[in-house]
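Beneath this line is the structure, given in structure tokens, with notes to follow.
Number of protein chains: 2
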Amino acid sequence: MSSIRYALLTLLAREPLSGYDIKLQMNGRLGPFWKVGSNQVYPELSKMEAEGLVKLQGVEQLTYRPAKKLYEITPSGRDVLVQWTLEPAGVENVRDDFLLKAFNSWLIEPDQMKAQVEAIRKQHEERLAEYTAKIAELTPRVDPSNPHDPLASTISVVDFGVRYERLYLDWCDHLLKNV
Amino acid sequence: MSSIRYALLTLLAREPLSGYDIKLQMNGRLGPFWKVGSNQVYPELSKMEAEGLVKLQGVEQLTYRPAKKLYEITPSGRDVLVQWTLEPAGVENVRDDFLLKAFNSWLIEPDQMKAQVEAIRKQHEERLAEYTAKIAELTPRVDPSNPHDPLASTISVVDFGVRYERLYLDWCDHLLKNV
DNA sequence: TTGTCCATGTAACCAGTTACATGATTAC
DNA sequence: GTAATCATGTAACTGGTTACATGGACAA
Chain D
1 MSSIRYALLT LLAREPLSGY DIKLQMNGRL GPFWKVGSNQ VYPELSKMEA
51 EGLVKLQGVE QLTYRPAKKL YEITPSGRDV LVQWTLEPAG VENVRDDFLL
101 KAFNSWLIEP DQMKAQVEAI RKQHEERLAE YTAKIAELTP RVDPSNPHDP
151 LASTISVVDF GVRYERLYLD WCDHLLKNV
Chain U
1 MSSIRYALLT LLAREPLSGY DIKLQMNGRL GPFWKVGSNQ VYPELSKMEA
51 EGLVKLQGVE QLTYRPAKKL YEITPSGRDV LVQWTLEPAG VENVRDDFLL
101 KAFNSWLIEP DQMKAQVEAI RKQHEERLAE YTAKIAELTP RVDPSNPHDP
151 LASTISVVDF GVRYERLYLD WCDHLLKNV
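One line per chain: the protein sequences are D and U, in this order.
Take the first sequence: its position 156, counted from the start at 1, is 156 in full-length UniProt numbering, and no numbers get skipped.
Take the second sequence: its position 71, counted from the start at 1, is 71 in full-length UniProt numbering, and no numbers get skipped.
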């Protein structure tokens, strides 16, 4: 897995953002993505600024509020991002505690397992609803004549999320039948 | 995400293993799981031994080879594992570099993206074949009369893997159509 | 002779989480 | 008066990756 560096550049390639904005976009649910903490975002932005991948576009100061530092991507930052995007990717392992718990289901009673599956199923149902709503919101705003519309890329990724949540629900149903 | 501690106990609950065996089982592909390095396994086993979750069952010494330390789970280790398995789980984020690259697809040419998708698709196809073979191998060995057969739990998890790889392939095909 | 397998382990480093700190403002 | 939001940042800790070290056996 690569550093969060590319995740930051990915968002900045679309629009100028502050560290705080980046945190919101990542920890909110624009796609089934990363989480980041402030301790990663702010130092990384400073580093990238020093390396010229990003530059301070301006500071928004609303008197009573802390100053907001808006960063924009530089041409060289964009190059680095494009370069990375073109590098071949590898398969990532799924790391999900619930899979490990399911692997241990033989240790517990079927009723207990059933309760566990139902609990996780509910949470994934909620995510599915969020992703579906997001797709419904974005789809009419895509410009189909533009092969470089970022929204189309966003939808592809959220679509992955929808498919993933559906798979999770199907799998849960399958477990419930066999338990 | 929880510590590898539970991953180690999960494997030891089924059979006594050495640190090396654990590494092989995890980094090989019994399920779509964790990877671990020796630097995590050996110290963690020592810690767990000190806490009485695990104990040294014996040492296998084949003259010319390094001594192999076999650990087995203790009743208290089993308790801890069962307790953890019964704790409610949360939804885990999918963290896959390729999703981030797909999110950047608007930055590159459709042809370049097509090549990227085809490359990752191939790798996921291979994984699917592995998982399918694993299921075919395990299924006839399950004891259906035993509701606590660990093999059934293993199959459930590998089945998740199969479904996941199918989803990935479908999604790739969908991308290839729209690019 | 170069490399891989066996089996243990250590060292150095990078990534990620949780918690804390500031300080004004708004909402309950 | 308590908590949340905005926006920056630091500190301490845990988790994870990569590389290295030993040393005999065996295969290309």
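By construction, the Cβ of each residue, glycine as well, lies at the ideal position given by its N, Cα and C atoms.
- Message: Suppose contacts are defined by Cβ-Cβ distances below 8 Å. Is V158 (chain U) in contact with I135 (chain U) by that definition?
- Response: yes
- Query: Just to confirm, are L70 (chain D) and Q83 (chain D) a CB contact at a threshold of 8 Å?
  - Reply: no
- Item | Interface positions of the segment 78-95 of chain U facing chain D (Cβ-Cβ less than 9 Å), listed along the chain | For the segment 78-95 of chain U, which is checked against every Cβ of chain D, the residues closer than 9 Å are R78, L81, V82, W84, T85, L86, E87, P88, A89, G90, V91, E92, N93, V94 and R95.
- Could you confirm whether any beta carbon from chain U is found closer than 8 Å to the beta carbon of G119 (chain D)? The question names Gly, yet the displayed sequence has Ala at residue 119 (chain D). Judged by the 8 Å Cβ criterion, A119 (chain D) is in contact with chain U.
- Message: Any beta carbon from chain U within less than 8 Å of R65 (chain D)'s own beta carbon?
- Response: no
- Closer than 7 Å at the beta carbon, the chain D residues around D111 (chain U): Within 7 Å Cβ-Cβ: nothing; D111 (chain U) doesn't reach chain D, min ~11 Å.
- Message: So with CB distances below 9 Å, who are the chain D contacts of T154 (chain U)?
- Response: By Cβ distance, chain D contributes F103 and W106.
- What does DSSP give as the partner residues of K55 (chain U) in its beta bridges? The partner list for K55 (chain U) (beta bridge, DSSP) reads U:E72.
- On the three-state DSSP scale, how would you describe E130 (chain U)? helix
- Item | Simplified DSSP assignment, three categories, for L17 (chain U) | strand
- How would you label V59 (chain D), buried or exposed, when you count the other beta carbons within 10 angstroms and need 16 or more for buried? Answer is exposed; the Cβ neighbour count stays below 16.
- Can you give me the start and stop residues for the alpha helix (DSSP H) that P144 (chain U) sits inside? Premise fails: P144 (chain U) is in no alpha helix (DSSP H) and is neither H nor E.
- Query: Taking contact to mean at least 3 C-beta pairs separated by less than 8 Å, is the segment 42-50 of chain U in contact with the segment 8-27 of chain U?
  - Reply: yes
- Does the distance from the C-beta atom of S18 (chain D) to that of G52 (chain D) stay below 8 Å? Contact: no.
- chain U contacts from the segment 34-45 of chain D (Cβ-Cβ distance under 8 Å): W34 and K35
- Looking at the structure shown, is E87 (chain U) part of a helix, part of a strand, or coil, going by DSSP? Per DSSP, reduced to three states, the secondary structure at E87 (chain U) is coil, with no helix or strand assignment.
- Under the three-state reduction of DSSP, which class applies to E92 (chain U): helix, strand or coil? coil
- Closer than 8 Å by beta-carbon distance: list the chain D residues that pair up with V54 (chain U), in chain order. The premise fails here: V54 (chain U) is roughly 16 Å from chain D at the closest Cβ pair, so nothing lies under 8 Å.
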